[in-house]
Structure formats: C-alpha cells, structure tokens
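Participant: Just so you know, the sequence shown maps onto residues -16 to 302 in my numbering.
Below are the structure tokens for one structure; questions will follow.
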Amino acid sequence: MPPTRSPEIESVARRTLQAYAGDFETLRNLMSSDPSLRVLGFDRDEWWKGSAVFDVRQAQSEQQPEFQVRIAEVEGFEDGEFGWATVFSTIVTPDEETQLRTSMVLRIEAGVWRVVQWHNSSPVPNQQVFGVEITTTLDDLVTSILSEGNQMPVGQTTEGTMTLVFTDVVDSTPFAERVGDDKWAALVAQHEAVIGAVTASHGGTVVKFLGDGSMLAFESARAAVRTAVEIQKATLDAPFSVRIGVHTGEVQRSADDLFGLTVNKAARIAAAGDADEVMISSTTRDLIGSMDGVEIGDTKTVALKGLSDIHQISPVVWN
C-alpha cells in the first residue's frame, strides 16, 4: 500500500508544536521515550538525543521570552507503523515574528503515534547560503525561461550578485496629461538628473531610464538603500511622488542592460510599494543588517505579479 494522508498525524504534529512553547508535560507524552529520539534545533549545537531534549527545553524556557507558535499549514502521511509530517508556522514573541519550518518522523508506540525525530529550521535566502539566487520552485523555472526579460543576447556573461533599485513615478500618466508634455518633459529631465547624481555619489550605475522611472545597479546593498532614501528626500518638493523597490541577487549582463529574475523581482517590489515608499526584499534586508540612520519597518508578506509564491518585503522608514 502506498503512503496515505493522515489527519491523525497532522493533529499530533500540531499539538507537539504548540506544546513546544512551554507545555512540557504534553510534550513528553507526544514524544518517544526511546533513546533513539533525535531533535535538531535552530542553533548549530542543538542536536539533542533521547531524554536530553526535555531537560534542555525546560532550561531554555526559563531563558527565552514567552512565545506562541502560529501554525499555517500541516501535512501528515503514514505508511504502516511509521509516519511523517511537515509544518509551516511562525514563532510569535512580544517583539518579533520568525518563520518556522518543521519536519517530524513518528512511530506507533503502544498504539499511539509518537515523535521519534524532529527538526526545526528558520528559512534563509539561497542568496545567503550559496551567494547567488537559485530557482526554488517549478513555477520560478518556467517564469524565468518564458519571461521576455530573460531572453538574453548571445554572448552575454554572468556578472554576479548586484543590488538593483527601481524607481517609479506614481500615477505618471494622468499627471503628465494634467501638466502637459512640455512641463512633464522638463520635470522628468530634472528628476533624472537628481537620480544620476545621487546614484553616482554612492558608486552606483544608472542602467537605464524608463520614462517615468529608472533602473540602478550597485555592488553594495547598503549603498543601494542609501541611494533610494536620498532620492526620496530629494523628491520631497517635487509635484509628484515616487515609489522605489530594492532587491539583491544574481544578474546577467549584456553590453548595456541587465537581465534575470532579480531584475523582474526588483521591479515588482517597486510596484508593490505606495507613494513615497522605499521597499526592500528580505534578501537585501538580511545583507544590510543594521545601518546608521536607516530604520527598517515591519516586514509584510505579499504576492508579486508574475512571480510565484509569496515574498517578504519591508519598508525603509526615511521620513
């Protein structure tokens, strides 16, 4: 018989994760008492064997802030006396939220499903692990192949990791109609001059202007974010508003342009922002860490048009 979906295992997995937050009596009941029990935690040294897991978790609970586990999705399967589960959830503390991914192996012991192996992890971008962005889903692969922006000229070479900045004048079409072609052209020229000067001052490159926006490239993620903030500050007195998106990843380059999923994602992040906002991807946020004079707002999860899955983006608080 092939493995079957198991609501019973899914229920055990849910209760185990909820008990992980501090209900140690329930945790003991749901986990195997066999010495072969193995639990892998977040930290490099969190490789617990047998009953040690209960002693360590008891000590940890006295050291860490109170938290809850908010479960988003559970899948459980069984095959004879063994089963397994995967869980997507969020650890919620008074100060922050952290994504959690869990895998469990379960075995029937005395007629009851009990956890014999448990692994918790917090996802990080492939960029951080491998130094480049790689395809994460089949949808990403199809999108990358079919996207017009990824049909690259013959002979181009991979340039490596860059941070891209996309700027966009909000509602530019009705604004241009309202002020007229001549006035609009003059405003665009002034805006492009500001973008060019600010970009150059931070060591970046203007890849191209897009009529009502621009695409900028930087070797430094911090320089890119500072440029985005300065462009917004320089636009405060302009009669229009700008939204800006920033993303870091692997790009490919022709003689005068950049291509790849990173380009598409940076543009979509800009489009996901509101007027006067600077939005950065989770990859860029991880890379810049703590910056003097730069505050990062609360992360939100969004769908980006044309890209699969959901994505985490954060606002840069500049005003």
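Ideal placement from N, C-alpha and C gives every residue a C-beta, glycine not left out.
What you are looking at is a predicted structure, and each value in this text was computed from that prediction instead of being measured.
Helix, strand or coil for ASP257 per DSSP?
Facilitator: ASP257: coil per DSSP, three-state reduction.
Participant: Considering only heavy atoms of the ligand MG, does any lie closer than 6 Å to the CB of GLN215?
Facilitator: As far as ligands go, the structure on display features none, and thus does not contain the ligand MG.
Participant: Between PRO77 and PRO48, which are expected to be in contact by the criterion C-beta below 8 Å, what is the C-beta distance as a whole number of angstroms?
Facilitator: 6 Å
Participant: How about PHE65 and ARG90: do their beta carbons lie closer than 7 Å?
Facilitator: yes
Participant: Verify whether the separation of the beta carbon atoms of ASP257 and GLY196 is less than 7 Å.
Facilitator: no
Participant: Taking the C-alpha atoms as reference points, what is the distance between VAL285 and ALA93?
Facilitator: 45 Å
Participant: Are GLU80 and THR73 close, meaning C-beta to C-beta below 7 Å?
Facilitator: In this structure, THR73 lies closer than 7 Å to GLU80 by Cβ.
Participant: Are there 16 or more other CB atoms within 10 angstroms of the CB of GLY143, so buried, or fewer, so exposed?
Facilitator: GLY143 sits exposed, since fewer than 16 C-beta atoms from the chains shown fall within 10 Å of its C-beta.
Participant: Per DSSP, what kind of secondary structure is ASP269 in: helix, strand or coil?
Facilitator: helix
Participant: Using only alpha-carbon positions, find the residue among ALA253, VAL208, ASN302 that is nearest to ARG268.
Facilitator: VAL208
Participant: Compute the Euclidean distance between the alpha carbons of ARG236 and TRP101, then round it to the nearest angstrom.
Facilitator: 43 Å
Participant: SER104: buried (16+ other C-beta within 10 angstroms of its C-beta) or exposed?
Facilitator: exposed
Participant: If I'm right that ALA304 touches VAL70 with Cβ under 8 Å, what's the distance once you round it to whole angstroms?
Facilitator: Because residue 304 is not part of the residues shown, which for the chain are -16 to 302, the question remains open.
Participant: If I measure Cβ to Cβ from GLU175 and keep anything under 6 Å in the same chain, skipping five residues before and after, which residues do I get?
Facilitator: PHE192
Participant: Measure from the alpha carbon of ALA253 to the alpha carbon of each residue in THR85, PHE201, PRO298, then state which is nearest.
Facilitator: ALA253 has its Cα closest to that of PRO298, out of THR85, PHE201, PRO298.
Participant: Quick one: measure Cβ to Cβ for ARG(-2) and LEU20, integer angstroms, because I've assumed they're closer than 8 Å.
Facilitator: ARG(-2) to LEU20, Cβ: 17 Å. No contact.
Participant: What are the residues that DSSP puts in a beta bridge with GLY100?
Facilitator: The displayed chain sequence assigns Gln, not Gly, to residue 100. GLN100 is bridged to ARG21, VAL88.
Participant: Contact check, VAL162 vs ILE178 under 8 Å by CB: the rounded distance?
Facilitator: 19 Å between Cβ atoms; not a contact.
Participant: Using 10 angstroms around the beta-carbon of ALA180, count the other beta-carbons present and answer buried if the total reaches 16, otherwise exposed.
Facilitator: By the 10 Å Cβ count, ALA180 comes out exposed.
Participant: If you run the structure through DSSP and keep just helix, strand and coil, what is GLU61?
Facilitator: strand
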